[in-house]
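Reading through the structure tokens given below for one structure.
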Amino acid sequence: MPRKILVTSALPYANGALHLGHIIEAVQTDIWVRFQRMQGHDCLYVCAEDCHGTPVMIKAQAEGMTPEELIRKVAAEHVSDYQGFLIGHDHFHSTHSPENQAITEKLYLALKAKGHITTRSVRQAYDEQAGMFLPDRYVKGECPVCHTADQYGDSCENCGSTYTPDKLINPQSTISQTAPVWRESEHYFFKLGEFTDVLRTWLEGGARQAEVRAKLAEWFDAGLQDWDISRDAPYFGFEIPGAPGKYFYVWFDAPIGYLGSFQALCDKRGLDYDEYLGADSKTELYHFIGKDISYFHNLFWPAVLHGSGCRKPTAVFVHGFLTVNGVKMSKTRGTFITASKYLSLLPAEPLRFYFATKLNSAVEDIDLSLDDFVARVNSDIVGKLVNIASRCAGFVARGGGRLATQLPDPKLYEEFAALRGTIGELYDARDYSAALRGIMGLADRANQYVDTHKPWALAKDPAKGAEVLAVCTQGINLFRVLMSYLAPVLPQMAEKAGKFLNISFAAWNSVDTPLFDHPINAYEPLATRLDPKVVAQLVDPVTPAAAAPVPRKNATSEKKGKDVNATAPATTPGNVGINDFARLDLRVATVLDAAFVEGSDKLLQLTLDLGTEQRNVFSGIRSAYGDPAKLIGRQVVMIANLEPRKMRFGVSQGMVLCASRDDGPEVFLLSPDAGAQPGMKVT
RNA sequence: GGAAAGGUAGCUCAGCUGGUUAGAGCACGGCACUCAUAAUGCCGGGGUCGAGGGUUCGAUUCCCUCCCUUUCCA
């Protein structure tokens, strides 16, 4: 009996480019969807652009366009990136759509009718110059607890205290740089606490991951509080029915975007919306998300659905974040890789494969190690998998291009085919890494088989043509099983291999029957090796900033939940006040010594004289200053009050300033004019 | 501050409910082969399983403490 399954991955937010953190989620989802389809299930996959909220509004203003223009432009880029990574959405919609507005209003009115909505007055920061209320993250000031300057309105990054923006000392609007005033405004709240029992019950099946359950238990213990779902004009979003000037908070209508997108798909294909999303639907509904938005998907979302009389998700699948070369993605480290940058350099499938070798069902962070990426792809895909087809194809072609009428080693084939159940279970459980380990183990055995039977040696004896063909028929059949197992991960390669073998890889159980007496075509390379030099271009050369601690910032998620534009800083950051600049202790320093760092091809170790003291600094300028001796005696500008940073090679006590492009390898040290003395302050 | 996950060979990772000499891939060394995109096969070197206690006949695997990394906190 085919299952009917509706799957989503998280909606990308319309204020920035997709990066590889978005892509790993899309790949995880897409592999699962493709696998389910191969199983013969009806598996639909929808997604949408998440369009609303203050960050989009502000960003559109900054770019001199309307929000509608901005979201159209960004969505087009996102769609193109997803397609580049072979993500097979059945439909990609927008939360700023008539479908989404209709469903949002419907759910809201249902919640209201059932008494799940309440209102109360909220005191909030208001920017008189900009004429708008300020989300907490748009107010900055001194922490009331530890007195660290320049902290957001909701919590201090230094001491971790949480508070409301009115507690900040000398608060400032990040939009106009003026001091906000405090105004009362009526807000609409969703009474989440009323759903505590419903949620506890739902989570038994909906939250299947231990890590997620532990987190949810914490939230339950703390008690579920009302959720503010309204925002005041001006706001880019949907106006709340019967509440002029009040808009739905972006996080209220964003998950509803899943439903809106599916509605649009139904309209397109004539599907029955209620069969999937009606109150008593028997179909399965799964959301793939990152761990940062677990709260919204495991609490608010099922509660809103339940309260408005809709079905709840079958389960929510949570994954961890992506790191690059062991560190979080960040522009200052050069490890922030956008989807489009990747695609401009490399094909999608190697990365899909690499992600698959690492993905499992746990909420663990996953590292994209570039060296490992190259080794893994070149060895596993080209050296092992493709090699099986490549080394057998020539003999088959010379033997007439037709496979033999039987397998010389049916038991071996049987072993390969018998694993389809186990491997299928692993895919279904999202344990792709284990699935691929199993598959690659089989690839080794296939190569061993060919090595043992040496068709090239047999081919020297003209009388043994049939034997050669038999061995290679075995090899090709083993390859076919492996390719079938990998088809969810490598759809393009499966397509090409299908043309080579005159078959389709559409059905998971097709490997039950081996190919006999079957014509195959000339072999063409199915995959090419990755060039480490090209892969290295994914990350920017390490700049001196790499030696500096970066502010805590979420690498893989747009924190729209807090109304903050968490996209990594643009090339040209926004304005800062003079106080921001004054926090930096910039000093003139003389290079006393400069040397290569053993074990690093990027760093130089500098000993700097600050007049009153000496500092040890690791700086990523080796590519531009290959002869460190020439630096000795030179004067440079350094940040003297940078948090010391422990590195593999020692502690770096500051950083030297350099000029560079975002995308170029050149680095140019800054120097003061003649006459400056070590220790002089730069202002 | 509260909480979670992780720390296993140079690198990336497996190791289920404690039990013979701790595994894989890559990298490295040697040999073989030459069909294959310098691919493949065989053999080998390499780990006091973060540190210290404890439970046990026996712990990488259980308990406690500590250190380090990462992450989450409406």
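Using the working numbering, the first residue of the first sequence is number -17, and each one after it goes up by one. Every residue gets a Cβ at the ideal spot worked out from N, C-alpha and C, and that includes glycine. Note that the structure is a prediction, hence the values are computed from the model and not measured.
Comparing C-alpha distances from Phe337 to each of Arg315, Val306, His288 and Ser601 shows the shortest one belongs to Val306. Two segments are said to touch when three or more pairs of C-beta atoms, one from each, lie closer than 8 Å; by this definition the region -9 to 4 touches the region 317 to 332. According to the DSSP assignment, Lys122 belongs to the beta strand (DSSP E) that extends over Val121 to Glu124. Counted as a single uninterrupted DSSP element, the alpha helix (DSSP H) harbouring Gln456 occupies residues Gly447 to Leu468. Partner residues in the beta bridge of His1, as assigned by DSSP, are Thr320. Residue environment: Phe498 is assigned as exposed (fewer than 16 neighbouring CB atoms within 10 Å of its CB, all protein chains considered). Going by beta carbons, Gly376 and Val450 fall outside the 8 Å limit. Beta-bridge pairing by DSSP links Thr144 to Ser137. Considered as a whole, the region 42 to 69 harbours no complete run of any beta strand (DSSP E) with no fewer than 3 residues. Your pair Lys(-14) and Thr265 checks out as a contact, with CB atoms roughly 4 Å apart and the cut at 8 Å.
The region 225 to 239 and the region 66 to 86 touch, with three or more beta-carbon pairs separated by less than 8 Å.
Under the three-pair Cβ rule at 8 Å, the region 215 to 223 does not count as touching the region 55 to 65. Taking the C-beta atoms as reference points, Pro654 is found nearer than 8 Å to Val570. Listed in chain order, the non-local C-beta contacts of His169 below 6 Å within the same chain comprise Val104, Asp210 and Ser212, local neighbours out to five positions each way being set aside. Inclusion of Pro284 and Trp201 in the CB contact set at 8 Å is not warranted, their separation being larger than that value.
In the displayed model, Lys663 falls within a strand according to three-state DSSP.
Using a 10 angstroms sphere on the CB of Pro80, the tally of other CB atoms stays under 16, which defines it as exposed.
For Val364, no alpha helix (DSSP H) encloses it, and the DSSP letter there is neither H nor E. With a beta-carbon spacing of about 5 Å, Ala330 and Leu68 fall inside the 8 Å limit used to define contacts. As computed with DSSP, Met311 is found in no beta bridge at all. In this structure, Gly66 keeps its C-beta atom at 8 Å or more from the C-beta atom of Arg16. The beta carbon of Leu325 sits closer than 8 Å to those of Asp63, Gly66 and Phe67, all from its chain and outside the five residues before and after it, given in chain order. For Leu460, the closest C-alpha among the options Trp490, Arg511, Pro392 and Ser312 is that of Pro392. For Val9, same chain residues with a beta-carbon under 6 Å away, outside a window of 5 residues either side, are Arg334 and Phe337 in chain order. Inter-residue distance for Tyr258 and Arg384 is about 46 Å (C-alpha atoms, whole angstroms). Assigned with DSSP and collapsed to three states, Val15 falls in helix. A direct Cα-to-Cα measurement between Gly289 and Leu(-12) gives close to 21 Å. C-alpha of Ile363 to C-alpha of Met465: approximately 10 Å in a straight line. Judged by DSSP in its simplified three-state form, Leu116 adopts coil rather than helix or strand.
About 14 Å separates the beta carbon of Thr146 from that of Tyr120, a gap too long to meet the 8 Å contact definition. Burial check for Lys228: the Cβ neighbour count within 10 Å reaches 16 or more, so the residue is buried.
With respect to Asp413, Asn491 sits apart: the two C-beta atoms are not nearer than 8 Å. Secondary structure of Asp72 (DSSP, three-state): coil.
In this structure Lys366 is in contact with Asp426, their Cβ atoms being roughly 7 Å apart against a cut-off of 8 Å.
Under the criterion of beta carbons closer than 8 Å, Thr77 and Cys29 do not qualify as touching, at roughly 11 Å. As computed with DSSP, Ser155 is found in a beta bridge with Val121.
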